[in-house]
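Below is one structure; the comments refer to it alone.
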Amino acid sequence: MPKNSKVVKRELDDEVIESVKDLLSNEDSADDAFKKSELIVDVREEKDTDVEEESEVEDERPAWNSKLQYILAQVGFSVGLGNVWRFPYLCQKNGGGIPLFFLELSVGQRIRRGSIGVWNYISPKLGGIGFASCVVCFFVALYYNVIIGWSLFYFSQSFQQPLPWDQCPLVKNASHTLVEPECEKSSATTYYWYREALNISSSISESGGLNWKMTVCLLAAWVVVCLAMIKGIQSSGKIMYFSSLFPYVVLICFLIRALLLNGSIDGIRHMFTPELEIMLEPKVWREAAAQVFFALGLGFGGVIAFSSYNKRDNNCHFDAVLVSFINFFTSILATLVVFAVLGFKANVINEKCIAENSEMIIKLVKMGNISQDIIPHHINFSAVSVQDYHLVYDIIQKVKEEEFPALHLNSCQIEDELNKAVQGTGLAFIAFTEAMTHFPASPFWSVMFFLMLVNLGLGSMFGTIEGIITPIVDTFKVRKEILTVICCLLAFCIGLIFVQRSGNYFVTMFDDYSATLPLLIVVILENIAVSFVYGIDKFMEDLKDMLGFAPNRYYYYMWKYISPLMLLSLLIASIVNMGLSPPGYNAWIEDKASEEFLSYPTWGMVVCISLMVLAILPVPVVFIIRRCNLIDDSSGNLASVTYKRGRVLKEPINLEGDNASLIHGKISSEMSSPNFGKNIYRKQSGSPTLDTAPNGRYGIGYLMADMPDMPESDL
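Numbering (the numbering used here), first residue to last: -6 to 708.
See below:
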């Protein structure tokens, strides 16, 4: 017997579901009934239904409190530590993405799911892209939070005058006190980083046990991330107001202060002086492309996750251009600050070099190795200027000629110091900390700098964790609070390998091998999925529907032709470069007080390869599973995941005997026969379809059938 309309309405409200097979294989139980027929909806009624369904989904899915909060979240995710220490390094070393970013923003906003749900919706066989993004996010989060822990340690040590890395420590032996030999061979800031902060071992094979100071800092970093993310965007979104804006305040303050220091202009001039001969090397362009690629956080899933909380009519094109511009502006601002400070540091070191070499010249004159007559009379070596020293140096070099190398005089050129390429931890924890020891009120500037690093790191961590949490919550409907705590706790436990005495070497390993190639492959597959599987023409129509205007055809050609070719070229160049350069790491050798390149041991090579394989493994695994139909949705296990109004329900589904019904979970005898309204009717196959995916499936919200005595709004 058919049920009355109220019962049907209640059951529809509670039970309308779309099985994971809908998302993962595009072959739901109703496919047999619809293979020869399709649903055509009147345009006017279709729009009304879309609005009603969209409002229902938006009521259930969390949303940003304001557009500013969303922009700050995207900026906080894309602007990270790389803007401070990778972009300036590339400028220093070499003298000098919007379409893909727009692509991720668009698909997240259009489909309103995390990375797993988005790619399952577009093509179930490519659903592994979302899982690969989650794996890469997890790998990156493991070591990225360690860097935040290092910044927390330096932040806690900055409330001292003088700073603890200002001078080399003294050691006592039986007869007298002397400077620590390891520190004297290197420098105070280098010694403090390797010995006091990391207490580093001499190789990756020497664990040396846990460094308890860094273990505590790592725990603190994960507690902060967990508390900020536990309520999703409701909690992390509010924190973004501080974590995203505070770094700009610090950078501007640093820039103003640095410009007032002696030598800062030399650093900025060096920044804008490219070495044109280097621009012809392919490696330079590969590094530049990689920086642009990683700067926006592409492939992590964080961009998709954040944009999935937007309203569907949000202008994501404006967001893509704005966030990309802010990211570029931040990189330039940070680079100006870094080069201004490094220019000051180089000037200080150069003055010290001139003073030491002037003393050597005086000794050589007294010993008779250099004639007093060749020294200009107006030069006073007790207060010699840079110009006067270079004049004397050139005269001695011309007069002595062959004997000159034996004098061991240094030219003391400020460009030599500026040309020393430093990146990553070397820039933040050695070069910059050394420069700040020469600042007036150095503890204040040190506190501000490391607090800025913590905020930059946290902004990126929020997006990285969101790239893990959102897809899993959307797909398996677990409680976000519980999942966040479990994820952070698991990451902390695994992250203990990074706070061993050899932990810094594992950070280098993960940074080199866990993200670069996997992310490139992920973004290439994303581009292919949208342009060729979903269909670039259909995607452009979706954008027109969302934005209210047609995007420039520039994006069409970029997504379909140029971006895939450029990404494939970058992937090939990265693989070739990885094959040509021996895999290894720079180890700190205590006896030499310097770094030395060491190759990874056999087990280390296995770990490197395993990181890349594990990150990409979900792509072929999911493809094979979906291609061969290896998962049975009727089993009632975790694979049996169902969607309700954009949310996910995990419950057993019995699809037997329900092949002709859109409503799963009920036998055919209990189902009322569909009574289509006047604007909904069947159309024979072969006719044009509305909003169908390339395989003939229907877009979100278009499988709408009028049930007896039921308004469309109840659906």
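No residue lacks a Cβ here, since even glycine has one placed at the ideal position from N, Cα and C.
- Query: Roughly how many whole angstroms lie between the Cα atoms of tyrosine 578 and aspartate 504?
  - Reply: 11 Å
- Task: Below 8 Å CB to CB, which residues in the same chain sit around serine 196 once its five sequence neighbours on both sides are set aside?
- Result: Ser495, Tyr498, Ala580 and Leu591
- Item | Cβ distance (whole Å) where alanine 428 is taken to contact valine 330 below 8 Å | Contact doesn't hold; Cβ gap of about 11 Å is too wide.
- For chain C, is any of its Cβ atoms less than 8 Å away from the one on serine 108? Absent from the structure: chain C. Only one protein chain is present.
- Task: Compare the C-alpha of lysine 165 against each of Glu173, Trp158 and Asp159 and name the closest.
- Result: Glu173
- Item | Same chain only: Cβ atoms within 8 Å of glutamate 199, ignoring 5 sequence neighbours per side | Arg494 and Ser495
- Message: I'd like to check one pair, glycine 290 with alanine 765: are the Cβ atoms closer than 8 Å?
- Response: Missing from the structure shown is residue 765; the chain here goes from -6 to 708 and no further.
- Message: Classify proline 464: buried if its beta carbon has 16 or more other beta carbons within 10 angstroms, exposed otherwise.
- Response: buried
- Backbone CA spacing between isoleucine 319 and lysine 585 [nearest angstrom]: 43 Å
- Message: Could you check whether the segment 250 to 262 touches the segment 452 to 462, counting it as contact only if at least three pairs of C-beta atoms, one from each stretch, sit closer than 8 Å?
- Response: no
- Residues that asparagine 579 bridges to, as DSSP identifies them: Phe590
- Please list the segments of the alpha helix (DSSP H) lying wholly inside the segment 514 to 552, counting only runs of 4 or more residues, in order along the chain. 529 to 540 and 546 to 550
- Task: On a CA-only basis, which of Val100, Pro117 and Pro92 is nearest arginine 620? Give me that one, please.
- Result: Pro117
- Between the C-alpha atoms of phenylalanine 322 and leucine 384, what's the straight-line distance to the nearest angstrom? 41 Å
- Item | beta strand (DSSP E) segment containing leucine 163, residue limits | 163 to 165
- Message: Starting from valine 471, trace the beta strand (DSSP E) in both directions and tell me its first and last residue.
- Response: Segment: none, valine 471 is in no beta strand (DSSP E) and carries neither H nor E.
- Task: Alpha carbon to alpha carbon, how far is leucine 212 from glycine 292? Give it in angstroms, no decimals.
- Result: 27 Å
- Item | Status (buried if at least 16 other CB within 10 Å, exposed otherwise) for glutamate 519 | buried
- Cβ-based neighbour list, phenylalanine 146, same chain, cut-off 8 Å, excluding 5 preceding and 5 following: Ala190, Lys206, Met207 and Cys210
- Message: Using 8 Å as the cut-off, can you tell me whether the segment 467 to 475 makes contact with the segment 108 to 123, which would need three or more C-beta pairs spanning the two stretches below that distance?
- Response: yes
- Query: What is the DSSP secondary structure of glutamine 493, counted as helix, strand or coil?
  - Reply: strand
- Query: With 16 as the cutoff for other CB atoms within 10 Å, does serine 168 come out buried or exposed?
  - Reply: exposed
- Query: Who are leucine 171's beta bridge partners in DSSP?
  - Reply: Val164
- By Cβ distance, which residues of its chain are closer than 7 Å to alanine 181, with the 5 residues on each side in sequence left out? Trp158, Asp159, Gln160 and Cys161
- For leucine 254, name the three-state secondary structure that DSSP assigns. coil
- Query: Taking DSSP as the reference, what is the three-state secondary structure of leucine 623?
  - Reply: coil
- Message: Extract the residue ranges of the beta strand (DSSP E) inside the segment 93 to 122, only unbroken runs of 3 or more that lie entirely within it.
- Response: none
- Query: Quick one: what's got a C-beta closer than 7 Å to leucine 98's C-beta in the same chain, skipping five residues either side?
  - Reply: Val296, Ser300, Cys309, Asp312 and Ala313
- Message: Can you look up leucine 203 in the DSSP assignment and give me helix, strand or coil?
- Response: strand
- asparagine 373 by DSSP, collapsed to three states: which one? coil
- Inspect the CB distances between the segment 534 to 552 and the segment 607 to 619 and report whether three or more fall short of 8 Å. no
- Item | alpha helix (DSSP H) segment containing tryptophan 596, residue limits | 595 to 609
- Message: Taking the straight line between their C-alpha atoms, what separation do you get for phenylalanine 542 and arginine 103?
- Response: 15 Å
- Message: Does the segment 229 to 239 come into contact with the segment 379 to 395, if we say contact requires no fewer than three beta-carbon pairs (one atom in each stretch) closer than 8 Å?
- Response: no
- Task: Quick one: residues in its chain with C-beta nearer than 7 Å to the C-beta of glutamine 390, no 5 flanking neighbours on either side, listed in chain order?
- Result: Phe397
- Which of helix, strand or coil does DSSP assign to cysteine 480? helix
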